[in-house]
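J.:
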Amino acid sequence: MARKGQVALFVGKFIPKDWALCNGKNGTPNIPDTVYDKYGNTIRYLVATQDHEDYYIGFIYPTVIDYAPIGWELCDGKIMNIQDNLYLYSLLSETYNGDSRNTFYLPKIGKFKSDNKTYSGDNFIHYMICVDGIYPRLG
């Protein structure tokens with residue numbers, strides 16, 4: 501679920517419908533184009549241009565919890581089964597490694613230290629990726 505103006509990261513190679521690249525154009529925030537994961541790959545910041553009632557596969561959000569709820573995975577480089585995650589695989593393919601027949605990897609984005617303890621009791625902000633939601637449509 502995203503509200504108009506909410507910023508998220510997206511692993512796909514396209515800009516989904518009702519989202520815009522955060523490049524400072526057309527009223528969007530000017531956020532550096534990419535976040536680098538441990539493999540040197542890039543993930544772009546997008547901003548919602550409309551309200552969305554559902555979560556979209558491949559979108560990444562920061563969180564202060566240190567576990568992933570149902571339908572989500574932490575961005576910790578986990579190995580995923582292609583057959584069980586076909587939609588997510590279509591967005592990621594072997595970007596973060598994998599054998600292209602059975603497995604692929606999730607992005608590995610380092611956690612950031614916070615000045616204060618978070619709800620999970622640690623001092624870190626983690627990233628999680630939606631693995632079970634609506635497939636984003638091309639904008």
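If you count the sequence shown from 1, you need to add 500 to reach this note's numbering.
For every residue, glycine included, the Cβ atom is placed at its ideal position computed from N, Cα and C.
Since the structure is predicted, the reported quantities are computational estimates derived from the model, not experimental observations.
Output needed for T549: all residues of its chain with C-beta closer than 8 Å, excluding positions within five of it in sequence on either side, in chain order.
T.: Taking the first residue of the sequence shown as 1, we reach residue 549 at position 49. Hits under 8 Å: K504, D518, W519 and A520.
J.: Please determine if the segment 501-516 and the segment 549-566 are in contact, where contact requires at least 3 C-beta pairs separated by less than 8 Å.
T.: Enough Cβ pairs lie closer than 8 Å, so yes.
J.: Could you name the residues of the same chain whose beta carbon sits closer than 8 Å to that of S593, not counting the 5 residues immediately before and after it, in chain order?
T.: Position 93 of the sequence shown, counted from the start, is the residue given in the question as residue 593. The answer, listed in chain order, is S600 and F604.
J.: When DSSP builds the beta bridges, which residues end up paired with C575?
T.: By one-based count along the sequence shown, residue 575 stands at place 75. None; C575 has no bridge partner.
J.: Is the Cβ-Cβ distance between G571 and G633 less than 8 Å?
T.: As a working note, residue 571 is residue 71 in the sequence shown. As a working note, residue 633 is residue 133 in the sequence shown. Yes.
J.: Where does Y539 sit, in a helix, a strand or coil, going by DSSP?
T.: In the sequence shown, counting from the first residue as 1, residue 539 sits at position 39. Here Y539 sits in coil by DSSP.
J.: In three-state terms, what does DSSP make of Y587?
T.: Residue 587 sits at position 87 when you count from the first residue of the sequence shown. Helix at Y587.
J.: I need the straight-line Cα distance from D576 to I582, nearest angstrom please.
T.: Along the sequence shown, one-based indexing puts residue 576 at 76. Along the sequence shown, one-based indexing puts residue 582 at 82. Near 17 Å, if we compare the C-alpha coordinates of I582 and D576.
J.: Rounded to whole angstroms, what is the Cα-Cα separation between L586 and F514?
T.: Translated into positions along the sequence shown, residue 586 becomes position 86. Translated into positions along the sequence shown, residue 514 becomes position 14. Each residue's alpha carbon lies about 17 Å from the other.
J.: Could you give the residue range of the beta strand (DSSP E) that holds A508?
T.: For this step, residue 508 is matched to residue 8 along the sequence shown. It spans V507 to F510 - the beta strand (DSSP E) in which A508 sits, taken as one unbroken run.
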